Amino acid sequence: MSAARPAGDVRDALLVGAVVFVCSIFGIYTAPPGVLAAFWPTNAVLVGLLLRRAHPPRPAHWLCATAGYVAADLAMQHGWPKTWMLTATNLMGVMVCYLLLARMSDEYRGLRHPRSMLRFVLVALSGAAAAGLGGSVIHPALFGGTPAYGFMFWFSTELVNYIAILPVLLTMPDVLRRLAGRTRRDDGRGLRPEHLAPLAAFAGSLWLETQLGGPGVVSFPVPAMLWCALTYSLFATAGITLLFSMWTLLAIASGTLDIGTGVHTPQAIMSLRVGVTLTALAPLAVASVMVARNELLARLQHAAAHDPLTQVLNRGGFLARAHALLASPGLCGPVAVLMMDIDFFKKVNDTHGHAAGDEVLVKFARLAAGCLRSGDVLGRLGGEEFAVLLPGCAVEDARAIAQRICDAFAAEPIALPGGERLHATVSIGLAWRAGADAPVDALLSSADAALYRAKHDGRNRVVLDA
């Protein structure tokens, strides 16, 4: 493993250098004649690549990134002095952004906290200011003008690139985990035609820009982008704002989008970049707040439907899930319900204390969950009483599952907080119906009657409803 890690780092470093080179060439080729690039993605992409690594970047990553900058400038015949000055200024902003974002928690860095956008903007401002300091030194030497102008030109350029590109990289899902089916969220699940309406409105606003022209066209996509922020995931919204920024800057630079005034002067380009930055910020802020809101609602819904001790469904959550499952049109065939009651649980509390009783409940919930199938529903109805819904389960299979729970719980001792080991058992009543149209309450009542007989017959057993 120790030999594989350095080899992987070398490959990662070479990949970083290659990405920096390609992005730099792209930025140089899209530059208006006689000035710096209208859209320079390299620095923001480099920060995102370094942050998305599982481990902090090593010196090799920084060296390969530097080589990528240098190779791109030399390929465009910029010469060594100009190449080194541009590379050093680019790396100043990259290092500041990386160091500040690396210190944030995953929640803030992933823009999933209500105040994360504020911190992100402060980081982008800091990185842009660092590049601006370098620009105040090299810009007068390379392109003329005052140090103040050099600062503002580099600052505005980097600010729009960080705000446009970094959110996409910071919120990008783990592709490998998504392909393996281990992520909880799927942005494409349940996609309906109406979900495409915000995207269609966004595309229409971009087309309308080209048809009307004038200074106000830059703001045409704002309502559609806000609609997208309320509808789509944060990553999708970040991608849409990136598309808006790239389209606006490149379309104006190429003459495709006519805003009614010339943008060939450095002052006009600087003003345009700041305007695009502020325009792209609004939908990103809305999407970030929506993510935080949705995650808070999900936590509240989970807390309302789950037992805080055992983390299985509580009575209300179990009944709601069972009703929904039995009412689903895709469910057909037999259904079974188990009612389970831990034997002599009051004696456990009286003898060993409530902490020991809690340990018994947690242990049983985990063990029972491990004995169930993928689509089965487990809940704690109250006290030491649990229930299980077994959809599409033959009576022999339901009895086997119940017996497996009963035997496993009796065979495995429970370690109590004081170090003592306690043996406990469970009694289970089973109700089974051939059709899935049986009411949940009737099934629970029948299973409860079978549970009563299991208790009466000596406990630690499974009894089928007659």
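Counting from -3, one number per residue, gives the positions in the sequence shown under the numbering used here. Note that CB positions come from ideal geometry on N, CA and C, so glycine has one too. Since the structure is predicted, the reported quantities are computational estimates derived from the model, not experimental observations.
For a quick check, are the C-beta atoms of residue i and residue j less than 7 angstroms apart?
i, j, result
"Ala364", "Ile401", "yes"
"Arg449", "Leu377", "no"
"Ala247", "Leu239", "no"
"Val333", "Leu385", "yes"
"Gly13", "Ala63", "yes"
"Leu230", "Ala283", "yes"
"Met88", "Gly130", "yes"
"Leu47", "Ala61", "no"
"Cys93", "Gly44", "no"
"Gly425", "Ala404", "no"
"Asp372", "Arg455", "no"
"Gly313", "Gly388", "no"
"Ala276", "Ser241", "yes"
"Val272", "Thr244", "yes"
"Met81", "Ile134", "yes"
"Ala119", "Leu96", "A quick correction: the sequence has Val, not Ala, at residue 119. Closer than 7 angstroms, so yes."
"Ala50", "Ala9", "no"
"Thr79", "Val90", "no"
"Asp346", "Leu305", "no"
"Arg54", "Asp102", "no"
"Glu381", "Phe341", "no"
"Ala352", "Leu412", "yes"
"His109", "Ala288", "yes"
Mind checking which residues open and close the beta strand (DSSP E) that includes residue i?
i, result
"Ala383", "Glu381 to Pro387"
"Ser324", "Where Ser324 is concerned, there is no enclosing beta strand (DSSP E), given that its DSSP letter is neither H nor E."
"Leu467", "In the structure as shown, the chain starts at -3 and stops at 462, and residue 467 therefore has no counterpart that could be examined."
"Leu334", "Val331 to Ile338"
"Leu368", "Premise fails: Leu368 is in no beta strand (DSSP E) and is neither H nor E."
"Leu460", "Val458 to Leu460"
Which of helix, strand or coil does DSSP assign to residue i?
i, result
"Arg49", "coil"
"Met168", "coil"
"Met72", "coil"
"Arg108", "coil"
"Leu305", "coil"
"Gly313", "helix"
"Arg289", "helix"
"Ile236", "helix"
"Leu412", "coil"
"Gly349", "coil"
"Leu439", "helix"
"Arg449", "helix"
"Asp182", "At Asp182, the pLDDT of 43 sits below 50, so the modelled position is not reliable and the matter cannot be decided from this model."
"Leu296", "helix"
"Gly378", "strand"
"Leu277", "helix"
"Leu418", "strand"
"Ile161", "helix"
"Ala14", "helix"
"Ala283", "helix"
"Thr62", "helix"
"Asp5", "helix"
"Thr252", "coil"
"Thr38", "helix"
"Gly492", "Residue 492 falls outside the range modelled here, since the chain spans only -3 to 462, and no answer is possible."
"Asp433", "coil"
"Thr261", "coil"
"Arg54", "coil"
Report, in whole angstroms, the separation of the C-beta atoms of residue i and residue j, which I expect to be a contact under 8 angstroms.
i, j, result
"Thr167", "Ala234", "5 angstroms"
"Leu440", "Met336", "Contact doesn't hold; Cβ gap of about 12 angstroms is too wide."
"Met72", "Leu280", "No, Met72 and Leu280 are not in contact; Cβ-Cβ is about 32 angstroms, not under 8 angstroms."
"Ala68", "Tyr158", "Not quite, the Cβ-Cβ distance comes to about 19 angstroms (not below 8 angstroms), so this is no contact."
"Gly256", "Gly209", "6 angstroms"
"Met286", "Leu195", "About 16 angstroms separates the two Cβ atoms, so there is no contact after all."
"His419", "Pro409", "5 angstroms"
"Ser152", "Arg269", "4 angstroms"
Just to confirm the assignment, what range does the alpha helix (DSSP H) spanning residue i have?
i, result
"His391", "Here the sequence assigns Val to residue 391, which means His is not the residue at that position. That run of the alpha helix (DSSP H) goes Val391 to Ala407."
"Gly200", "Ala193 to Leu208"
"Val214", "No alpha helix (DSSP H) contains Val214, which DSSP labels as neither H nor E."
"Leu226", "Val218 to Thr227"
Runs of alpha helix (DSSP H) lying entirely within the segment 72 to 152, each at least 4 residues, in chain order = Counting whole runs of 4 or more residues, the segment 72 to 152 contains the alpha helix (DSSP H) stretches 76 to 98, 102 to 105 and 112 to 139.
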